[in-house]
DNA sequence: CTTTGTGAATGCTTTCACAGCA
DNA sequence: TGCTGTGAAAGCATTCACAAAG
């Protein structure tokens, strides 16, 4: 889906890029570090953190090594400091304005999900094309017409859009998001989106996850 | 997370195992084939199907090659036949009983999601520990007490459980699911679950997806 | 002449194992 | 002594490019 060379760091610090597999795990480490911090753990070894994150300790150390050397040999990592470094690297020390499009059952759930806010994502608008939903209050926001997207996106400098519409509407929504300057999209609709390659798309397909489980389940049964 | 050697097929047909990356894409091909079938396309080339699925055609052909030779050189694939073969391989020609635990906003959305039913998954029960939710009707099912899990799981031979509870409850729910004989779990709670290694767990963490987007977004901004 | 199926090449990720540092 | 950080090895996944088949 995405090529991103593990460019060795060059003269300037700004060219480094983390391996995608590492990027996908850093949020898990962040979550584990937050949990440790909440139980007043100040310091942890790679082994402890690995257990808390559900990965192997060698993998964890390799991942962290891409960020720099934030540990102390013989001791481990300072929980608060490592947490900050990962958050900074992931870009979640600043906060990001998000719009959610499609306020059906899933859109409701996403709008109400507290995990976004607590991790640096601020939902600034809920949009829906269906006039009957306009004006409805969800999680402290009012559902607004989809065609206000442009104005809202520019006003709040929205760079991330979430699509929670039916599949049939998703491509049009994506086009509109791109037109409004949104350059990252999280797509819950079960369809492939085509967007310019300056735009990042990630997809979450609930039924695909179940199908993957079904495959393994079936194999277990075959013994 | 899971080792699964690409065992070449041996004397008996039953030992084959597909690469995990392939397993994760087959449902996407299935979706694309269904869409083609609905527009009365009878036959398609790897190139057409690849476009519909959003992957490269070489990758698609390699993936399909693990299933066997279902194409015709110079012509392409028969849509209906290929669809059936993939569905069979994925185990979605039979149907699977599913329980959803935790009927908050997300549980509601999952219970109402039509994509499950249409792909071979039958939600047989909605469970919640909160007494105040018992008796509520959601998508044609009544929310029942969590401690009926055992009876329900055995009655319907449930092998897949979906956890949509808060993080704090998730491990207890997982333990109970395992105790009730469930051997595949889809976890929406933002926490690491520990389960016996006979049990498959897949996780979907909504805020992790956003964090990954934020990382790339931040990098784009740094230019 | 078209399009599949697949070895071989390339690139990415994980794992190993240990040198190096506190 | 204990634990990090990292080269080197092993294991997967993707891409290439073409022989084989219709």
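Residue numbers (my numbering), protein chains in the order written: chain A, 51 to 273; chain B, 51 to 273. C-beta atoms are modelled at their ideal positions from N, C-alpha and C, and glycine is treated no differently. Just so it is clear, the structure is predicted and the values come from calculations on it, not from any experiment.
Residues of the region 77 to 107 of chain B with a Cβ closer than 9 Å to any Cβ of chain A, in chain order: 77, 78, 80, 81, 82, 85, 101, 102, 103, 104, 105. Sorting A:72, A:67, A:260, A:127 by C-alpha distance to the C-alpha of residue 169 (chain B) places A:260 at the top. In the three-state DSSP reduction, residue 238 (chain B) falls in the coil class, being neither helix nor strand. Residue 267 (chain A) sits in a helix when the DSSP states are folded into three classes. Note on residue 272 (chain A): under 16 other CB atoms within 10 angstroms of its CB, so exposed under the neighbour-count rule. Assignment of residue 169 (chain A) by DSSP, reduced to helix, strand and coil, places it in the coil class. Between residue 179 (chain B) and residue 219 (chain B) the beta-carbon gap is near 7 Å, inside 8 Å, which marks them as a contact.
Proximity of residue 118 (chain A) to chain B, defined by a Cβ-Cβ separation below 8 Å, is not satisfied. For residue 165 (chain A) and residue 141 (chain A), the gap between their C-alpha atoms comes out near 16 Å. In this structure, the beta-carbon distance from residue 149 (chain B) to residue 203 (chain B) falls below 8 Å.
Rounded to the nearest whole angstrom, the CA to CA distance from residue 172 (chain A) to residue 146 (chain A) is 6 Å. The DSSP-derived three-state label of residue 192 (chain B) is strand. Taking residue 85 (chain A) as reference, the option from B:241, B:266, B:152 with the minimal CA-CA separation is B:241. Listed in chain order, the beta strand (DSSP E) elements of length 3 or more contained wholly in the region 71 to 159 of chain B are 126 to 128, 146 to 151.
For the 8 Å CB-CB criterion, residue 126 (chain B) and residue 107 (chain B) do not form a contact.
Cα atoms of residue 214 (chain A) and residue 101 (chain B): separation of roughly 23 Å, rounded to the nearest angstrom. In this structure, the CA atom of residue 156 (chain B) is about 44 Å from the CA atom of residue 122 (chain B). Residues of the region 256 to 270 of chain B with a Cβ closer than 9 Å to any Cβ of chain A, in chain order: 256, 257, 258, 259, 260, 261, 262, 263, 264, 265, 266, 267, 268, 269, 270. Listed in chain order, the positions of the region 204 to 233 of chain A with a beta carbon within less than 7 Å of a beta carbon of chain B are 209, 210, 233. The C-beta of residue 191 (chain B) comes no closer than 8 Å to any C-beta of chain A. No residue range can be given for residue 182 (chain B), since it is assigned to no alpha helix (DSSP H) and is classified by DSSP as neither H nor E.
Taking a Cβ-Cβ cut-off of 9 Å, the neighbours of residue 163 (chain A) in chain B comprise 155, 156, 256, 257, given in sequence order. In the same chain as residue 132 (chain A), and ignoring 5 residues on each side of it, the C-beta atoms closer than 7 Å to its own belong to 83, 120, in chain order. Annotation for residue 200 (chain B): the continuous alpha helix (DSSP H) segment containing it runs 199 to 206. In the three-state scheme derived from DSSP, where H, G and I count as helix and E and B as strand, residue 229 (chain A) is classed as helix. For residue 166 (chain A), the nearest beta carbon of chain B is closer than 8 Å to its own beta carbon. By the neighbour-count definition (other C-beta atoms within 10 Å, threshold 16), residue 77 (chain A) is a buried residue.
DSSP places residue 260 (chain B) in the helix class (H, G or I) of the three-state scheme.
One Cα belongs to residue 207 (chain A), the other to residue 199 (chain A), and the distance between them is close to 11 Å. Per DSSP, reduced to three states, the secondary structure at residue 175 (chain A) is strand. Contact between residue 235 (chain B) and residue 254 (chain B) does not hold, since the beta-carbon distance rounds to 11 Å and is not under 8 Å.
If you check the CB distance, residue 263 (chain B) and residue 210 (chain A) come in under 8 Å.
Contact annotation: residue 72 (chain B) and residue 116 (chain B) have beta-carbon atoms nearer than 8 Å. Judged by DSSP in its simplified three-state form, residue 254 (chain A) adopts coil rather than helix or strand.
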